[in-house]
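Heads up: the sequence shown begins at 1 in the working numbering, then just goes up one per residue. Idealized CB from N, CA, C, for every residue including glycine. Have a look at the structure below before the remarks.
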Amino acid sequence: MKFIDGSCENVFARKNNKTVIETLNHSRYQKLKQKTVTRYPHSLDSPLGKFLLELKKVGDGFYLSFLNGYGDRTYSNFVIADSEFYTARGIYAYFVHDELKYIGRCKDSMKKRINQGYGKIHPKNCYLDGQVTNCRLNWLITKAQEDVSLWFCAMDSLDEIVEEEKRLIRMCSPPWNKRN
């Protein structure tokens, strides 16, 4: 893995393709509508990210209500350094100081999973209807940046990939894998 561009903060603030009111009309945000309309009527036509960053700057924690639990963390950008694995699929694992932390599966391509998924947090990922796992793993990897490594086992069969991931998670119980 190769880290690029240092760390990223306030990524959620760059989501400005929808206004506050447009967002509130989405089913995932209905529970926030009444409070938002009542408390911030002057901001309903503001771009969402700009509005939330303004709330954060004045210490109004309500902005967090729009974000997933890892939506306002410090992230980094990273990519797979070896293009040989771009099109590969299979099982991958993150280690910190040679200690297994996470096991995952890739059923399409490692380039898509890492370079465009975990390795690059897009503003949309930070929200309630975004990709909480991408945010969480990127944040954990960012904290361990100097000591993290990515291991990969290429596999062809999609069924085998799914089954092997389940088996390894059961057997190893990596701490970064969420368990219900």
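Reducing DSSP to helix, strand and coil, say where residue i ends up.
{"i": "Pro-47", "result": "strand"}
{"i": "Asp-147", "result": "helix"}
{"i": "Lys-178", "result": "coil"}
{"i": "Ser-65", "result": "helix"}
{"i": "Lys-101", "result": "strand"}
When the Cα atoms are used, what is the spatial distance from residue i to residue j?
{"i": "Glu-163", "j": "Asn-177", "result": "16 Å"}
{"i": "Lys-124", "j": "Lys-15", "result": "6 Å"}
{"i": "Gly-6", "j": "Tyr-86", "result": "23 Å"}
{"i": "Lys-2", "j": "Met-110", "result": "14 Å"}
{"i": "Lys-35", "j": "Tyr-127", "result": "18 Å"}
{"i": "Val-20", "j": "Tyr-40", "result": "10 Å"}
{"i": "Ile-161", "j": "Arg-73", "result": "31 Å"}
{"i": "Arg-105", "j": "Val-11", "result": "26 Å"}
Please report the residue range of the alpha helix (DSSP H) in which residue i lies.
{"i": "Asn-138", "result": "132-143"}
Which first and last residues belong to the beta strand (DSSP E) in which residue i is found?
{"i": "Leu-168", "result": "Counting along the chain, Leu-168 falls outside any beta strand (DSSP E), though it belongs to the alpha helix (DSSP H) covering 158-172."}
{"i": "Asn-77", "result": "75-79"}
{"i": "Tyr-94", "result": "90-96"}
Assuming residue i contacts residue j (C-beta within less than 8 Å), just tell me the rounded distance between them.
{"i": "Gly-71", "j": "Cys-8", "result": "Their Cβ separation, rounded to whole angstroms, is 13 Å, which puts Gly-71 and Cys-8 out of contact at 8 Å."}
{"i": "Phe-95", "j": "Ser-149", "result": "5 Å"}
{"i": "Tyr-92", "j": "Phe-152", "result": "5 Å"}
Report the residue ranges of all alpha helix (DSSP H) runs contained in full by the region 1-55; include only those spanning at least 4 residues, in chain order. 20-24, 30-39
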